[in-house]
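Take our numbering: the last position of the sequence shown gets the number 429, and nothing is skipped along the way.
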Amino acid sequence: MALATLSRVRPLLVCPRCRSAVAADGAAFRCTAIGCPYAEVGSFPIVGDWPVLVDFERSVLSRDEVSAWAGTSGRARRELHRSRVGAIPPAVRRIWKPVNRIAEKNIAKLIGLMPDDCRRVLVIGGGTLGNGVDALYRSAPDVELIGMDLYASDLTVVVADGHALPLADGCIDAVITQAVLEHVLDPGQVVAEIHRVLRDDGLVYAETPFLQHVHAGAYDFTRFTASGHRYLFRRFEQIDAGPVAGPGTQLLWSVDHLARGLARSQDAGRIVRALFFWLRFLDRMVPRRYANDCASGVFFLGRRSEIELTPREIVDYYPGAQRG
Ligand SMILES: C[S@@+](CC[C@H](N)C(=O)[O-])C[C@H]1O[C@@H](n2cnc3c(N)ncnc32)[C@H](O)[C@@H]1O
Ligand SMILES: [Zn+2]
106 MALATLSRVR PLLVCPRCRS AVAADGAAFR CTAIGCPYAE VGSFPIVGDW PVLVDFERSV
166 LSRDEVSAWA GTSGRARREL HRSRVGAIPP AVRRIWKPVN RIAEKNIAKL IGLMPDDCRR
226 VLVIGGGTLG NGVDALYRSA PDVELIGMDL YASDLTVVVA DGHALPLADG CIDAVITQAV
286 LEHVLDPGQV VAEIHRVLRD DGLVYAETPF LQHVHAGAYD FTRFTASGHR YLFRRFEQID
346 AGPVAGPGTQ LLWSVDHLAR GLARSQDAGR IVRALFFWLR FLDRMVPRRY ANDCASGVFF
406 LGRRSEIELT PREIVDYYPG AQRG
């Protein structure tokens with residue numbers, strides 16, 4: 106595992122509200138700026154080993170929710186995930202959720218693009234291990250991973266909200282955010298934060314759903330077309346971008362949710378999904394430009410830039426099959 110420890114990350118941490126230095130007083134952090142609402146002792150709680158550096162006034166995570174974690178280390182959701190997934194035999198799991206080869210390929214490319222001495226990688230929404238990103242976690246000691254999420258887990262070092270990262274400007278070499286931007290209220294703000302914490306030519310890898318149904322209940326807000334995703338990362342130079350999974354996978358989502366709705370049962374959807382797993386294989390027969398118009402998800406691999414893509418350029422960018 107290449108996970109950074111809190112003592113390694115500590116010098117990079119700042120107040121998520123005003124970006125001033127933070128100080129640790131016993132069991133909690135506070136902001137050092139006079140007048141900051143988080144300057145009082147104990148403003149940023151620590152749960153287990155995890156500092157919670159969240160601007161509670163501007164986050165879906167509340168101070169009350171954090172207080173309720175006491176004694177659980179805030180890991181309840183992670184444990185729940187593990188017990189659910191752990192119960193499924195690996196062979197069945199691979200049919201249910203095949204390895205994401207696109208992510209594997211892109212993560213290998215990203216690791217290859219990072220200079221040997223600049224390999225500090227921030228994973229936003231890194232509470233669980235993303236599909237196809239394992240290579241990053243196996244790359245110790247070359248890669249130092251800083252996992253952040255809205256809850257504590259074995260893969261995170263700080264509880265933080267992507268809208269206001271508690272990190273100093275330019276201290277990160279690469280950011281990964283997989284299956285996260287659909288769950289944040291303001292993806293543009295999260296991408297602005299990614300831009301801020303990255304060093305000048307730092308890298309970003311993002312995967313975000315386009316045609317997927319609601320999958321995180323109340324915490325699911327947005328979807329992106331290929332062009333919309335590119336425009337979201339308009340202050341980045343594109344290295345590569347494209348569909349993560351195509352219309353077969355998207356159809357699988359649809360039959361699953363059709364069955365859920367008709368039978369009024371989540372389990373009915375899961376059964377239908379197992380029966381129609383083969384729809385995914387149809388993705389391989391669809392050319393990339395057609396897949397861009399109906400992908401299940403899209404990816405973007407890019408490099409931080411000061412030059413911004415213009416509205417006219419995004420129209421010319423369209424990578425789908427409906428060119429006039
Ligand atoms: C669908 S899960 C994906 C997790 C992991 N990246 C993966 O691919 O398995 C979305 C994750 O984003 C996290 N998340 C949602 N909103 C967030 C926010 N504002 N800041 C940081 N993480 C957030 C959730 O807690 C959750 O762990
Ligand atoms: Zn502050």
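Positions of the beta carbon are idealized from the N, C-alpha and C atoms, including for glycine.
To the nearest angstrom, report how far apart residue 137 and residue 383 are at their CA atoms.
-> Mapped onto the sequence shown, residue 137 falls at position 32. Mapped onto the sequence shown, residue 383 falls at position 278. Rounded to whole angstroms, residue 137 to residue 383 spans 56 Å at the Cα level.
Would you kindly check if the distance between the Cβ of residue 267 and the Cβ of residue 282 is under 9 Å?
-> Position 177 of the sequence shown holds residue 282. Position 162 of the sequence shown holds residue 267. Against a cut-off of 9 Å, the Cβ pair of residue 267 and residue 282 comes out as a contact.
Pick from 389, 151, 357, 153 that is closest to residue 380, judged by C-alpha positions = In the sequence shown, the residue the question calls residue 380 occupies position 275. Considering only alpha carbons, the answer is 357.
Alpha carbon to alpha carbon, what distance is there between residue 360 and residue 328?
-> Residue mapping note: residue 328 aligns to position 223 of the sequence shown, counting from 1. Residue mapping note: residue 360 aligns to position 255 of the sequence shown, counting from 1. Residue 328 and residue 360: Cα-Cα distance of roughly 19 Å.
Spatial neighbours of residue 374 in its chain, beta-carbon cut-off 7 Å, leaving aside the 5 residues before and after | To locate residue 374, count along the sequence shown from 1; it is residue 269. Taken in chain order, the residues that qualify are 361, 362, 364, 365.
Specify the secondary structure class of residue 163 as computed by DSSP and reduced to three states.
-> Numbered from its first residue, the sequence shown carries residue 163 at position 58. If DSSP states are grouped into helix, strand and coil, residue 163 belongs with the helices.
Does the beta carbon of residue 125 fall short of 8 Å from some heavy atom of ligand 3?
-> For the structure depicted, ligand 3 is absent and the ligand set comprises only ligand 1 and ligand 2.
Of all the options 110, 145, 175, 212, which has the alpha carbon lying nearest to the alpha carbon of residue 406?
-> On the sequence shown, position 301 is the one that residue 406 refers to. Of 110, 145, 175, 212, the residue nearest in Cα terms is 212.
Starting from the Cα of residue 402, find the closest Cα among 319, 372, 393, 314 and give me that residue.
-> The residue you call residue 402 lines up with position 297 of the sequence shown. Considering only alpha carbons, the answer is 314.
Rounded C-alpha distance that separates residue 235 from residue 284 | What you label residue 235 is simply residue 130 of the sequence shown in a count that begins at 1. What you label residue 284 is simply residue 179 of the sequence shown in a count that begins at 1. If I take the Cα positions, the gap works out to 8 Å.
Taking only the alpha-carbon atoms, compute the straight-line gap between residue 230 and residue 253 and give it to the nearest angstrom.
-> By 1-based counting over the sequence shown, the position of residue 230 is 125. By 1-based counting over the sequence shown, the position of residue 253 is 148. Answer to the nearest angstrom: the Cα atoms are 6 Å apart.
Identify whether residue 235 lies in helix, strand or coil by the three-state DSSP scheme.
-> The residue labelled residue 235 in the question sits at position 130 within the sequence shown. If DSSP states are grouped into helix, strand and coil, residue 235 belongs with coil.
Taking only heavy atoms of ligand 2 into account, decide whether any of them is closer than 8 Å to the Cβ of residue 150.
-> As a working mapping, residue 150 is identified with position 45 in the sequence shown. Residue 150 Cβ: outside cutoff for every heavy atom of ligand 2.
Three-state class that DSSP yields for residue 229 in the structure shown | Looking up residue 229 in the sequence shown gives position 124. Correct three-state label for residue 229: strand.
Which residues in the same chain as residue 343 place their Cβ atom closer than 6 Å to its Cβ, once the five residues preceding and following it in sequence are excluded?
-> As a position in the sequence shown, residue 343 is number 238, starting the count at 1. Hits under 6 Å: 407.
Nearest residue (CA-CA) to residue 306, options 409, 208, 272 = If you number the sequence shown from 1, residue 306 lands on position 201. It is 409.
First through last residue of the alpha helix (DSSP H) which encompasses residue 395 = For the purposes of this step, residue 395 is taken as residue 290 along the sequence shown, with counting starting at 1. Residues 393-397.
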